[in-house]
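What follows is a set of notes on a single structure, which appears directly below.
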Amino acid sequence: MAVTQLVGSKIHRREDPRLITGHGHYVDDFTRQGTAFAAFVRSPYAHARVKSIDITDASKAPGVVGVYTARDFKGLLAGTHPAAPAFVAEKKYVPERFPIAEKEVTYQGEIVAAVLAENKSQAADAANMIQVDYEDLPAVMDLEKALEKGSPKAHLDGPDNVCWDFTYTGPEITEAAFKEADVVVTQRVLQNRLAPVPMEPRGVIADYEGFDQKLTIWMSSQNPHFIRLFVSGALGLKESQVRVISPDVGGGFGSKISPYPEDYLVPALSKISERPVKWTETRSESIQNATHGRGQFYDCEVAAKKDGTLLGMRVVQYVDVGAYHGTFGAFQPVACLMAGGAYKWKGISARTIGVLTNRVPTDPYRGAGRPEATHLVERMVDLVALELKMDPVEIRRKNFIQPKDFPFTQNFGLVVDSGDYDKALDKALDLVGYKDLVKKQAELRKQGRYMGIGFSTWIELCGFGPSAATAPATGGIALVESAQVRVTPTGSVIVYTGTHSHGQGHETTFPQIVADQLGVPYESVELRHGDTAEGTAFGYGTYGSRSLAVGGVAISRATGKVIDKGKKLAAHMLEAAEEDVVFEHGSFHVKGSPDKAKAFGEVAFASYGMNLPEGMEQGLEAVAYFDPPNLVWPFGTHIAVVEIDAETGSPLLTKYVAVDDCGNIINPMIVDGQIHGGIVQAIAQALYEEVVYDDETGQLRTGTMIDYMLPSANEIPPILLDKTITPSPTNELGVKGIGEAGTIAASAAVINAICDALSPLGIKHVDMPATPDKLWKMMKEAGK
Amino acid sequence: MIPAAFEYARASSVEEASKLLSKFGEDAKVLAGGHSLIPLMRLRLAQPAALVDINGIKELDHIKEDGQKLRIGALTRHVTIHNSPVVKEKLPLLAEIASEVGDNQVRNMGTMGGVIAHADAAGDYPTLALILDAEIVTNKRTIPARDFFKDLFTTALGPDEVVTEVVFPVANGPHKYVKFRRRLFDWAIVGVAAQKMNGGWRIGLTNVGPTPVRAKAVEEALHQGAKPEEAAQHASDGLDPAGDLRASPEYKKHLARVLTKRAINQAEGRQ
Ligand SMILES: Cc1cc2nc3c(=O)[nH]c(=O)nc-3n(C[C@H](O)[C@H](O)[C@H](O)COP(=O)(O)OP(=O)(O)OC[C@H]3O[C@@H](n4cnc5c(N)ncnc54)[C@H](O)[C@@H]3O)c2cc1C
Chain A
10 MAVTQLVGSK
20 IHRREDPRLI
30 TGHGHYVDDF
40 TRQGTAFAAF
50 VRSPYAHARV
60 KSIDITDASK
70 APGVVGVYTA
80 RDFKGLLAGT
90 HPAAPAFVAE
100 KKYVPERFPI
110 AEKEVTYQGE
120 IVAAVLAENK
130 SQAADAANMI
140 QVDYEDLPAV
150 MDLEKALEKG
160 SPKAHLDGPD
170 NVCWDFTYTG
180 PEITEAAFKE
190 ADVVVTQRVL
200 QNRLAPVPME
210 PRGVIADYEG
220 FDQKLTIWMS
230 SQNPHFIRLF
240 VSGALGLKES
250 QVRVISPDVG
260 GGFGSKISPY
270 PEDYLVPALS
280 KISERPVKWT
290 ETRSESIQNA
300 THGRGQFYDC
310 EVAAKKDGTL
320 LGMRVVQYVD
330 VGAYHGTFGA
340 FQPVACLMAG
350 GAYKWKGISA
360 RTIGVLTNRV
370 PTDPYRGAGR
380 PEATHLVERM
390 VDLVALELKM
400 DPVEIRRKNF
410 IQPKDFPFTQ
420 NFGLVVDSGD
430 YDKALDKALD
440 LVGYKDLVKK
450 QAELRKQGRY
460 MGIGFSTWIE
470 LCGFGPSAAT
480 APATGGIALV
490 ESAQVRVTPT
500 GSVIVYTGTH
510 SHGQGHETTF
520 PQIVADQLGV
530 PYESVELRHG
540 DTAEGTAFGY
550 GTYGSRSLAV
560 GGVAISRATG
570 KVIDKGKKLA
580 AHMLEAAEED
590 VVFEHGSFHV
600 KGSPDKAKAF
610 GEVAFASYGM
620 NLPEGMEQGL
630 EAVAYFDPPN
640 LVWPFGTHIA
650 VVEIDAETGS
660 PLLTKYVAVD
670 DCGNIINPMI
680 VDGQIHGGIV
690 QAIAQALYEE
700 VVYDDETGQL
710 RTGTMIDYML
720 PSANEIPPIL
730 LDKTITPSPT
740 NELGVKGIGE
750 AGTIAASAAV
760 INAICDALSP
770 LGIKHVDMPA
780 TPDKLWKMMK
790 EAGK
Chain B
0 MIPAAFEYAR
10 ASSVEEASKL
20 LSKFGEDAKV
30 LAGGHSLIPL
40 MRLRLAQPAA
50 LVDINGIKEL
60 DHIKEDGQKL
70 RIGALTRHVT
80 IHNSPVVKEK
90 LPLLAEIASE
100 VGDNQVRNMG
110 TMGGVIAHAD
120 AAGDYPTLAL
130 ILDAEIVTNK
140 RTIPARDFFK
150 DLFTTALGPD
160 EVVTEVVFPV
170 ANGPHKYVKF
180 RRRLFDWAIV
190 GVAAQKMNGG
200 WRIGLTNVGP
210 TPVRAKAVEE
220 ALHQGAKPEE
230 AAQHASDGLD
240 PAGDLRASPE
250 YKKHLARVLT
260 KRAINQAEGR
270 Q
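Protein chains in written order, with my numbering: chain A, 10 to 793; chain B, 0 to 270.
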């Protein structure tokens, strides 16, 4: 029998026809009968005292069901916004956060009032009629100034603006390395603040049915089970009384992991009004209020020997926390733990400082901490190479962790599971034609043209994660993953996963795994996710490139349990001993006699009948949880080629190649898609995107998509991909995550290329985004 | 976001549009392609009490050759202008500019009259209209382009005045529009139009001031025989552009000079 192998095949994404032809179901596509529509009044000030709120006119406006301010929610919602310990065990000051401000607003966009009306327009009109009397307060915007004694405070009643100040490893760790050094390079490296801009903004529908005290929430989330946990807690309901349904989700990039004020307020409004309540975020609200990413800077020193051997690194990370601690805001300091990159170091000293400001909170954004780490170390290594007049390729090779070193315990005790960094680098050099490029660069330089080649030999850690690491990081719940595999009497298979795709293609990849394992047609396997009323007791969501490396393994294990039970039943049906039954290509047969066989479907049907072995229960289904023993460690090499217009400073990406290694591949097309998307997002950070607030007033200056520079396909060069495959020893599928890899890798390659292009002018470092006006100014200054 | 409530009426002739505008009064606005007006309404930066939709007035959608003139109806879409064989032959620079306005969606909806009436500092047609001494025809009068653009988003149009046509001279000598922007669908950070006409150069600048600018000093220098790179140095003479997130005033002035040189060189087939 010919066996088609699904795993490893470029199967078209099953979800695409639905999504592309408008047959998807996003939150805004649903409306309950009798719905009231919510609109929120948000602070136009970055920091102000709320003196009074006049709702008289708004309350009388056409169609208004009710107008509500903080007081109306006080008895209904308890507790404060959850702030996970993540990578910072001790915090100095975590401001209390109620979903709606009463006396003080601390960022532009913070909610001060809510309106319910019969339709969206009436709600918006009435919201405009609410008169709020504010007293403007000084806004805390600059991280360094915020740390000075006597600085204005982001919260009037806070002790200061220090959310955390945590030292992982003190300077003593690197003392020997710096003593031994021939060269020390020092650089401040900025990470521009980014808005996530998912194609689908957020949305919440809540229907609280007072009669049975049941709450159903539809929302666009990466993480429905955690939302159920948080929202039920705040509303004083049992988790069992709350159902969260997250239908098709149009992107998240991390911004739909944590709960938001509206996630509490909309259910509370449903309870108050005794009606279903719907709120759909506008694009302006999304840019203003969805948690931002990055927003950091790093002060870094690297010590090295004359021959290019890297010795030590000292890094202090400054994180713009925003006005409140994002639920997973303390995840970004993972950048400190990953600052060593793909290299061996004698010592790394690392400290992170989280600073409260009057901007919207930051939280994980695609890559969360690992793009920052890659960007930092790849920049620093280039600076060392420049100082030593070494080829950037050679310095990397000299310091790589070698294949024989794995599993490799890095400076912070994390165990890098596998890798072969030279192999990926070699392949990428071939692909880009490095030797020719270097020649071409020399020629162009003679003509006064600025062409540069930039490298990023990146590594990351993902697949969160092992219970020992993640339970303390969340405050108790280990980020393992669950799966349930159910076989119906007619042999079709429904797989439930606790992960939740927001564009990753889980409906395709996960059935590929199950169909192969069970030997059944791909079409008969269905994936379900995003509904807390279905599947396992708890799911952990999709972020941190974890869905396959953790969730996929749980699915494979649950499938294994189904096969085990099937084998018992088949043995009974075949009147053979269980040990003598083998399962191959979707059929159970007696060892040595392939004719004595029962197809998987026959066994499934029989499992619902009466003739079962002694003690066996009816049905064919299984649940599995996978607690990974380690994180997984993808890696690769990206190379960017740029040319900078000598007259205008405009950077043009002319070539981009990427060789990535994510272990075994389930669907190469989906992997390529994830890498493409990730690279584009990082090119965007490197060249285009930045959330800009006014330095003085804290007013958002990039509030629309005209000003917030999201690039389009036109601005992206063709991206050439290749891969190496180094299976992960951490899980039996040999897989590693790939959802964030492109974003983790690419900004460093682009900026390194720009710095390389401008090196003849003596320019050593350029911060992101490298815009034409910025580059022109630097080139002009350098030319003086 | 959701616009504030407004009255809506669809006009089937220019007279009807004009009547409706007078009926609704000062706060009424013409709705053409909607690609400038509706974004502003969604942000509630514009809150017209009424919209008079002119999309049904078929006679405003035309491209007519009229001797040494080209008459472009106010409702003619960017895509129509870009694809028009007549425009390509008689005023190829206009076809070139039309092909680079916004993206496909914008070009399918946006209109000649809308750009002219809206008078965004970064609008591309106004620059061309200015340097070619085009005329803006309304239901009431004909206004020379040089008298039309008064200030940022401010024109000579009265409240119940409707633009019906923009009349350009035929010009098919060397020409180029260089539009500097970060993203292909973006407005110009700075744009430079160069058109050779009757033996002389017409040079115009987009988005370096509240209204389009004719770079007379450059034209004069070229006339005196200066090389393009020398003449282009005058492109920033007298400019006082406002800085924004994309470009500082100095950078805009620098771009005006660099792009002027490029526009002239490229118009003459040099790179
Ligand atoms: C993403 C994007 C990118 C863009 N990029 C560019 C660009 O690069 N260059 C560029 O030039 N434009 C650009 N535009 C603007 C686009 O060309 C608009 O279509 C144009 O500015 C307005 O034309 P409209 O027909 O859409 O007018 P509308 O939006 O309908 O109206 C605009 C204003 O003009 C008035 N008006 C319209 N027609 C008449 C008339 N006949 N008589 C009197 N008043 C009238 C309206 O009352 C309103 O005040 C862009 C727009 C978008 C959304």
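Where a beta carbon is used, it is the ideal one built from N, C-alpha and C, also for glycine.
Asked: Any Cβ of chain B within less than 8 Å of the Cβ of A/V213?; Found: no
Asked: Among residues of its own chain, excluding the 5 on either side of A/R27, which ones have a beta-carbon nearer than 6 Å to its beta-carbon?; Found: G33
Asked: Identify which residue in B/Q194, B/E95, B/V13 has its Cα closest to the Cα of B/I56.; Found: B/V13
Asked: Mapping the DSSP letters down to three states, classify A/M389 as helix, strand or coil.; Found: helix
Asked: Got a sec: does ligand 1 put a non-hydrogen atom nearer than 7 Å to the Cβ of B/H34?; Found: yes
Asked: Determine whether the Cβ of A/L727 lies closer than 8 Å to any Cβ atom of chain B.; Found: In the sequence on display, residue 727 of chain A carries Pro and not Leu. A/P727 does not count as touching chain B.
Asked: Could you tell me the distance, in whole angstroms, from the CA atom of A/A613 to the CA atom of A/I564?; Found: 18 Å
Asked: When DSSP builds the beta bridges, which residues end up paired with A/E309?; Found: It should be noted that the sequence gives Cys, not Glu, for residue 309 of chain A. In the DSSP output, where bridge partners are listed per residue, A/C309 has A/Q196, A/V324.
Asked: Taking only three categories from DSSP, how would you classify B/K87?; Found: helix
Asked: Can you list, in chain order, the residues of its chain with a C-beta nearer than 7 Å to that of A/M10? Leave out the 5 residues immediately preceding and following it.; Found: Summary for A/M10: the model assigns pLDDT 40, below 50, so the residue's position carries little reliability; its value from the coordinates is reported in the next sentence. Excluding residues within five positions, the ones whose Cβ falls inside 7 Å are H594.
Asked: Scan the segment 100-133 of chain A and note each continuous beta strand (DSSP E) run of 3 residues or more that stays entirely inside, going in chain order.; Found: 120-126
Asked: According to the Cβ coordinates, are B/V29 and B/I53 closer than 8 Å?; Found: yes
Asked: A/Y143 by DSSP, collapsed to three states: which one?; Found: strand
Asked: Label B/L44 either buried or exposed according to how many other C-beta atoms from any shown protein chain fall within 10 Å of its C-beta, with 16 as the threshold for buried.; Found: exposed
Asked: Would you identify the three-state DSSP class for B/V135, choosing helix, strand or coil?; Found: Position check: residue 135 of chain B holds Ile in this sequence, whereas Val was assumed. Strand.
Asked: What do you get for A/Q694, buried or exposed, if any count of 16 or more other CB atoms within 10 angstroms of its CB means buried?; Found: buried
Asked: Does the distance from the CB of A/V121 to the CB of A/V206 come in under 8 Å?; Found: no
Asked: When Cβ atoms are compared, which residues of the segment 107-131 of chain A fall closer than 8 Å to chain B?; Found: K129, S130
Asked: Closest Cβ-Cβ distance between B/I1 and chain A: below 8 Å?; Found: yes
Asked: Apply the 10 Å Cβ neighbour rule to A/T115 and answer buried if 16 or more other Cβ atoms are within range, or exposed otherwise.; Found: buried
Asked: Interface residues of chain B around A/P720 at Cβ under 9 Å?; Found: R181, R182
Asked: Using the beta-carbon of each residue, which ones in chain A are nearer than 8 Å to B/A326?; Found: Any property of residue 326 of chain B remains undetermined from this structure, which presents chain B solely from 0 to 270.
Asked: Which stretch, first to last residue, makes up the alpha helix (DSSP H) that contains A/T506?; Found: Run containing A/T506: none in the alpha helix (DSSP H); it sits in the beta strand (DSSP E), 502-506.
Asked: Where does the unbroken beta strand (DSSP E) through A/H164 begin, and where does it stop?; Found: Element bounds for A/H164: n/a, residue is neither H nor E.
Asked: Which of helix, strand or coil does DSSP assign to A/A11?; Found: In this predicted model, A/A11 has a pLDDT of only 44, less than 50, meaning its place in the structure is not dependable enough to derive any value.
Asked: Nearest chain B C-beta to A/M788 closer than 8 Å, yes or no?; Found: no
Asked: Taking a Cβ distance cut-off of 7 Å, strictly less, list which residues of the segment 650-681 of chain A are near chain B, in chain order.; Found: E656, T657
Asked: Ignoring anything shorter than 3 residues or poking outside the segment 531-606 of chain A, list the beta strand (DSSP E) runs there in chain order.; Found: 534-537, 590-593, 596-599
Asked: Looking at the unbroken beta strand (DSSP E) that takes in A/P660, where does it start and where does it end?; Found: 660-670
Asked: Is there contact between the segment 67-74 of chain A and the segment 127-141 of chain A, where contact requires at least three CB pairs shorter than 8 Å?; Found: yes
Asked: Going by Cα to Cα distance, which pick from A/K745, A/E741, A/L446 is closest to A/I734?; Found: A/K745
Asked: Check the Cβ of A/A716 against every Cβ in chain B and list those closer than 7 Å, keeping chain order.; Found: Here the sequence assigns Asp to residue 716 of chain A, which means Ala is not the residue at that position. Those are L244, listed as they occur along chain B.
Asked: A/S554 and A/E749 look like a contact to me (Cβ under 8 Å); what is the Cβ gap, rounded to whole Å?; Found: 5 Å
Asked: Which whole-angstrom value is the C-beta distance of B/L90 and B/A170, which I expect to be below 8 Å?; Found: 6 Å
Asked: What residue does the beta strand (DSSP E) around A/S267 start on, and which one ends it?; Found: No beta strand (DSSP E) contains A/S267, which DSSP labels as neither H nor E.
Asked: Of the residues A/P778, A/K783, A/I715, which one's Cα is nearest the Cα of B/L39?; Found: A/I715
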